[in-house]
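Sequential numbering of the sequence shown, starting at 9, is according to the working numbering. From the three backbone atoms N, C-alpha and C, an ideal C-beta is built for every residue, glycine too.
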Amino acid sequence: MEQSNIYLQKFYTQMGHYPYPVHGISTLPTKMPMLVHSNKPEQIDEMVAIELQHLKTHYADEEQRYVDQMLLENPVVVERRPPTTRSSDEATSVAVAATAQTLSNSRDTTQRQRAESCRKSRYNNKIKKAKLRFRHKFACNQLSESAGVLDYMRDVIAQAESQLLARGFNRAALERMRQNFGVDRCGAAITSSMDH
């Protein structure tokens, strides 16, 4: 049993928290109500719902922090479009039309406003694309970490099974335990979902 606690300690340390006291310090989440020590099904369901909500909030916070950090490290740059160059023939026609331009002054202001809004729109679109790219990168990193933890847990389960068999545990009882706890089913479902 002591050997399996070492593996669990490594697992929980890798996950970022360890629910058992380590050197006299308990690292159990402080937001969890006193439902942890009860065994009623309604309270267990409530505890699971609270923990899931906590994990979702934590994931969203981590994702937002990662996206903000990546935006700071990789700022979005939007180049200004160069002004259109006019030929000499157009320049003379522009000089003749300068008197008519006083009438179209309002048209210029609306054109400048339109150009400014287009610049802002281009900038906002580039920021949205960068945020999506960074969110995708964060999700891929989290998925690869989860795959690593899953592989580690498979190794721990395989080691525990080999130790049980070495101590004379019945193979049929071991297979029954695998079926009861859905070890094969969970692993297959997770790997198939990761492939898609």
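*Taking 8 Å as the cut-off, decide whether the C-beta atoms of residue 184 and residue 192 are in contact.*
By the CB criterion at 8 Å, residue 184 and residue 192 fall outside the cutoff.
*asked:* Given this structure, state the Cα-to-Cα distance separating residue 61 from residue 71, to the nearest angstrom.
replied: Taking the straight line joining both Cα atoms gives about 15 Å.
*asked:* Please report the straight-line C-alpha distance between residue 179 and residue 190, rounded to a whole angstrom.
replied: Residue 179 and residue 190: Cα-Cα distance of roughly 16 Å.
*Quick one: what's got a C-beta closer than 7 Å to residue 143's C-beta in the same chain, skipping five residues either side?*
The beta carbon of residue 143 lies closer than 7 Å to those of 71, 75 in the same chain, with the five residues before and after it left out.
*Who are the near neighbours of residue 140 in its chain, counting only those whose CB is closer than 8 Å to its CB and skipping five residues on each side?*
Same-chain partners within the cutoff: there are none.
_Whole-angstrom distance between residue 63 and residue 168, CA atom to CA atom_ = Cα to Cα, the separation comes out at about 28 Å.
*Measuring CA to CA, which of 115, 49, 78, 126 is closest to residue 86?*
Of 115, 49, 78, 126, the residue nearest in Cα terms is 126.
_Inter-residue spacing [alpha-carbon to alpha-carbon] between residue 130 and residue 138_ = Straight-line Cα distance between these residues: approximately 12 Å.
*Whole-angstrom Cβ separation of residue 182 and residue 172, contact assumed at under 8 Å?*
A Cβ-Cβ distance of about 6 Å is found for the pair residue 182 and residue 172, placing them in contact under the 8 Å criterion.
*So, residue 135 versus residue 84, is the Cβ gap smaller than 8 Å?*
The answer is yes: Cβ separation under 8 Å.
_Short of 7 Å in beta carbon distance, which residues of its chain neighbour residue 78, apart from the five on each side in sequence? Order them along the chain._
In its chain, beyond the 5 residues on either side, 142 have a beta carbon closer than 7 Å to the beta carbon of residue 78.
_Host alpha helix (DSSP H) of residue 145 (start-end)_ = Here the alpha helix (DSSP H) through residue 145 covers 113-174.
*Straight-line Cα distance separating residue 175 from residue 188*: One C-alpha to the other measures close to 21 Å.
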